[in-house]
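Counting with our numbering, you get residues 73 to 449 for the letters of the sequence shown. The structure appears right after this line, and notes come after that.
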Amino acid sequence: MADFKVTPWEVEGKVDYDKLIQQFGTQKIDKKLLDRISKFAKLHTMLRRGYFFSHRDLDFVLDDYEKGKGFFLYTGRGPSGSMHIGHLIPMIFNKWLQDVFDVNLYIEVTDDEKFLFKKDKSWEDIQEQTNKDILDIAAVGFNPDKTFIFKDSEYIKNVYPMILKIAKKVTFSTSKAVFGFTNDTNIGSIFYPAYQIVLTFFEKKRCLIPAAIDQDPYWRIQRDIAESLGYHKTAAIHNKLLPPLTGVEGKMSSSREETAIYLSDSPETVKKKVMKYAFSGGRPTIEEHRKLGGNPDIDVSFQWLYAFLEEDDKKIKKIEEDYRSGKLLTGELKQILIDKLNKFLEEHRKQRKKAENLVDKFKYSGKLAKEMWNKTI
Ligand code: TYM
Numbered sequence: 073m074a075d076f077k078v079t080p081w082e083v084e085g086k087v088d089y090d091k092l093i094q095q096f097g098t099q100k101i102d103k104k105l106l107d108r109i110s111k112f113a114k115l116h117t118m119l120r121r122g123y124f125f126s127h128r129d130l131d132f133v134l135d136d137y138e139k140g141k142g143f144f145l146y147t148g149r150g151p152s153g154s155m156h157i158g159h160l161i162p163m164i165f166n167k168w169l170q171d172v173f174d175v176n177l178y179i180e181v182t183d184d185e186k187f188l189f190k191k192d193k194s195w196e197d198i199q200e201q202t203n204k205d206i207l208d209i210a211a212v213g214f215n216p217d218k219t220f221i222f223k224d225s226e227y228i229k230n231v232y233p234m235i236l237k238i239a240k241k242v243t244f245s246t247s248k249a250v251f252g253f254t255n256d257t258n259i260g261s262i263f264y265p266a267y268q269i270v271l272t273f274f275e276k277k278r279c280l281i282p283a284a285i286d287q288d289p290y291w292r293i294q295r296d297i298a299e300s301l302g303y304h305k306t307a308a309i310h311n312k313l314l315p316p317l318t319g320v321e322g323k324m325s326s327s328r329e330e331t332a333i334y335l336s337d338s339p340e341t342v343k344k345k346v347m348k349y350a351f352s353g354g355r356p357t358i359e360e361h362r363k364l365g366g367n368p369d370i371d372v373s374f375q376w377l378y379a380f381l382e383e384d385d386k387k388i389k390k391i392e393e394d395y396r397s398g399k400l401l402t403g404e405l406k407q408i409l410i411d412k413l414n415k416f417l418e419e420h421r422k423q424r425k426k427a428e429n430l431v432d433k434f435k436y437s438g439k440l441a442k443e444m445w446n447k448t449i
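Pasting the structure below:
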């Protein structure tokens, strides 16, 4: 048994991503694949740094693209509580892919899922969070004519026939094995996976899903049934989970303040949280730190900068070397993170303001949205 666990709902322990690739049966993104992607664009920081690290059938997606068959993107968000910066990572990467390949993107906001899975949340709580999240997602800057954002409870009429076709193919014993459902699981939750799968059938082209690897169990079921329904097995590209502020074990939580930086955190809150909670790979005293150096491999400030906040390869290398050698102190490293986070959040707030005018396009009036409301899947 591994000493960590990853499911769509929880992460326990320190994840060994090489082992997870084996457990889940996915493929590592190797140098050959990276070289292939780099023919289309300069690699995104998160690809260069191995933060997007695993995939399913990404090579087939590129084959289809090169042959002119094209592909489409799909990702999602479960509006259960405040969105944190980790939730934005797959969104940012989706935007990059959409810019590079100029393809359609479908974004599912799962108000149904979160209502069913979160015991303590009312329908009204979830609806309020859904509206906030859609604005945060719209702020990422997708193409409004090629992106359709919807919430499950609203779009259900257009997808229910296909959801039923999916539901008919998936037995309780499969979903028990894949998701760990038990006799105590409510029947809504048992049915829900059919909805998360249906978006992979929005077009006859191959679907590519950029998301953290925690969502992969859904794609496993999809891949078992897709061809029998006349569609492609979905492809996926997986990112690692940004570790919680409090240390490299488990995952950031929407309900545990100290573990995450929320998109709504003020500059003062960011400073306070990082200074107080960010797990440090530094030494207990300055003298020891100067003499022995710090350990960036377990230092969350460094991990966050490395994953996506410091995009300059030379700068991140210098930070790593200086920290390892003891030249850079923990407080100084934390300050670099605070500055980067606040810059990132300030830009996000600006974009969110601008996106207020765009939400309607993403949901209803943009070219793709209009097409989607006019058809039944
Ligand atoms: P949710 O809301 O839990 O997560 C939204 C997206 O963020 C990813 N993610 C993270 N990425 C990096 N670091 C983290 N710490 C971190 N935590 C979460 C998730 O993998 C996800 O991509 N059931 C889904 C909603 C959904 C969906 C989808 C997600 C519906 N269809 C298709 C991805 C793709 C959910 O509750 O996501």
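The beta carbon of each residue, even a glycine, is placed where N, CA and C say it ideally should be.
DSSP-derived helix/strand/coil call for Y89: As a working mapping, residue 89 is identified with position 17 in the sequence shown. Helix.
Proximity below 7 Å, CB of V78 to CB of D286: Translated into the one-based positions of the sequence shown, residue 78 becomes position 6. Translated into the one-based positions of the sequence shown, residue 286 becomes position 214. Yes, these two residues count as a Cβ contact at 7 Å.
Unbroken stretches of the beta strand (DSSP E), 3 residues or longer, contained in the stretch 271–301: 278–284
Length of the line joining the Cα atoms of A298 and Q375: For this step, residue 298 is matched to residue 226 along the sequence shown. For this step, residue 375 is matched to residue 303 along the sequence shown. So the two alpha carbons sit approximately 37 Å from each other.
S397: first and last residue of the uninterrupted alpha helix (DSSP H) it sits in: Indexing the sequence shown from 1 puts residue 397 at position 325. Counting along the chain, the alpha helix (DSSP H) containing S397 begins and ends at D385 to S397.
8 Å contact criterion, which A307 and L130 should meet: CB distance rounded: The residue given as residue 307 occupies position 235 in the sequence shown. The residue given as residue 130 occupies position 58 in the sequence shown. About 6 Å; that satisfies the 8 Å criterion.
Contiguous alpha helix (DSSP H) assignments of at least 4 residues, all confined to the stretch 178–254: 183–189, 195–210, 224–241 and 244–251
Any non-hydrogen atom of ligand 1 within 6 Å of H116 CB: Sequence index remark: in the sequence shown, residue 116 carries index 44 (1-based). No, the beta carbon of H116 sits no closer than 6 Å to any heavy atom of ligand 1.
K323 CB to nearest heavy atom of ligand 1 below 6 Å: For this step, residue 323 is matched to residue 251 along the sequence shown. Answer for K323: yes, Cβ within range of ligand 1.
Any non-hydrogen atom of ligand 1 closer than 6 Å to E329 Cβ: For the purposes of this step, residue 329 is taken as the residue at position 257 of the sequence shown. No.
Straight-line gap, I388 to L119 (C-alpha atoms, nearest Å): Working through the sequence shown from its first residue, we reach residue 388 at position 316. Working through the sequence shown from its first residue, we reach residue 119 at position 47. Rounded to the nearest angstrom, the two C-alpha atoms are 15 Å apart.
F144 - DSSP class collapsed to helix/strand/coil: For the purposes of this step, residue 144 is identified with residue 72 of the sequence shown, where counting begins at 1. Three-state result, F144: strand.
Counterpart residues of K100 in DSSP-defined beta bridges: Counting from 1 along the sequence shown, the entry for residue 100 is found at position 28. DSSP lists S126 as partners of K100.
Residues that N311 bridges to, as DSSP identifies them: Start at 1 with the first residue of the sequence shown, and residue 311 comes out as number 239. Paired residue(s): F124 and A284.
Reference N367; option with closest CA among K248, E393, Y232 and K103: Along the sequence shown, read from residue 1 onward, the residue named residue 367 stands at position 295. Of K248, E393, Y232 and K103, the residue nearest in Cα terms is E393.
Given Y349 as reference, the closest of N255, P233, S373 and A427 once Cα atoms are compared: Within the sequence shown, residue 349 is the residue found at index 277, counting from 1. Of N255, P233, S373 and A427, the residue nearest in Cα terms is S373.
Helix, strand or coil at K426 [DSSP, three-state]: Taking the sequence shown and counting its residues from 1, one reaches residue 426 at position 354. Looking at K426 - three-state DSSP - the assignment turns out to be helix.
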